[in-house]
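If you read the sequence shown in the working numbering, its first letter stands for residue 25, the second for the next number, and so on. Where is the CB? At the ideal position from N, CA and C, for every residue including glycine. The structure displayed is predicted, hence computed values, not measured ones. Here is the structure we will look at.
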Amino acid sequence: MRRHQLLIAALIAAFAVPSATAYAQGRRDPDADARKQQEEASKKKKRSEEWGDNQAPLQALRNAGPCPFVKSLYDAARYVEFKDNREASANVGWSGEIQGISAGCQYKDDKPIEVTLQVLFELGKGPQATGREKTYHYWIAVTDRNKAILAKQEFDLTVKFPEGQDRVYITENIGQIVIPRASIATSGSNFEVLVGFDVTPQMAAFNRDGKRFRLNVGQAASNTPNP
């Protein structure tokens, strides 16, 4: 398991997301008010018991709004090298796939949004791969809701395949992504966090067309990609 620290300071134009809440006016129910006060007191007591007088860790803080949407970019979620650019299982060198992303965020008041990521990679060694070590390159980007890239950083992932194995799994922990907010009204829903391999235009087209090979391609029986 690997751990990184990442600071992305995006220079963001003002995103003011106004919100309005409509309240129905009517006769107040004294019993309902009493029940509400009792529920609030119970919640406050529970929070006090859980948090005590000590400062709560980030994971326990309540957010001021929703977290940014975190996902892998479809065109860059897989990495497949082909010898001589011929799309056949026998021609695959190194391959990789983003198998899963776990994410969490914390922010309150007018503080920046702090996002943590855990990315699971499945990496493969095909019949045309030479040696047992490969350095993959991947990136993490922060975009606004209009898909404009606000910040992007690249990472190296060096993998050594054990003797006799053509597939490994590696988890990358990204310690912290910090996204400044223009104002207290700017919520996490204004942003996306994207993860992807550094791929060539040919690899991106291969992914975009929905073609794929299993990562243990050395054992694949078919010489044509699956649609």
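Member of the options whose CA lies at the smallest distance from the CA of residue i
| i | options | result |
| --- | --- | --- |
| Y162 | A101, N231 and V94 | A101 |
| N231 | F93, S119 and D108 | S119 |
| S211 | E138, I198, Y98 and N115 | E138 |
| I201 | T167, E111 and N115 | T167 |
| G124 | G234, K95 and G188 | K95 |
| N170 | E111, S213, V104 and D233 | S213 |
| T195 | G188, E187, P186 and T182 | T182 |
With 16 other Cβ atoms within 10 Å as the buried cut-off, status of residue i
| i | result |
| --- | --- |
| P90 | exposed |
| D190 | buried |
| T224 | exposed |
| S113 | buried |
| R205 | buried |
| E74 | Bear in mind that the predicted position of E74 carries a pLDDT of just 44, short of 50, making it too unreliable to give a figure here. |
| A229 | exposed |
| K149 | buried |
| E178 | exposed |
Residue i to residue j span [Cα, whole Å]
| i | j | result |
| --- | --- | --- |
| L85 | I173 | Annotation note: pLDDT 46 at L85 (below 50); position unreliable, coordinate value reported separately. Answer to the nearest angstrom: the Cα atoms are 28 Å apart. |
| N197 | T154 | 28 Å |
| K235 | S126 | 25 Å |
| Q130 | P92 | 10 Å |
Whole-angstrom C-beta distance between residue j and residue i, which should lie under 8 Å
| i | j | result |
| --- | --- | --- |
| V143 | V217 | Incorrect: roughly 11 Å between the Cβ atoms, too far for contact. |
| K176 | A165 | 4 Å |
| P136 | I203 | 6 Å |
| E146 | Y193 | 6 Å |
| Q226 | N115 | That belief does not hold up - the Cβ atoms of Q226 and N115 are roughly 13 Å apart, past 8 Å. |
| Q152 | G117 | 4 Å |
Span of the alpha helix (DSSP H) around residue i
| i | result |
| --- | --- |
| A229 | P225 to R232 |
Any chain D beta carbon closer than 9 Å to residue i
| i | result |
| --- | --- |
| E187 | Any reference to chain D falls outside this structure, which holds one protein chain only. |
Limits of the beta strand (DSSP E) - the one that residue i falls within
| i | result |
| --- | --- |
| R191 | R191 to I203 |
| S96 | F93 to S96 |
| Y131 | Where Y131 is concerned, there is no enclosing beta strand (DSSP E), given that its DSSP letter is neither H nor E. |
| F145 | I137 to K149 |
| D99 | Taken as a continuous stretch (DSSP letters only), D99 belongs to no beta strand (DSSP E), as it is neither H nor E. |
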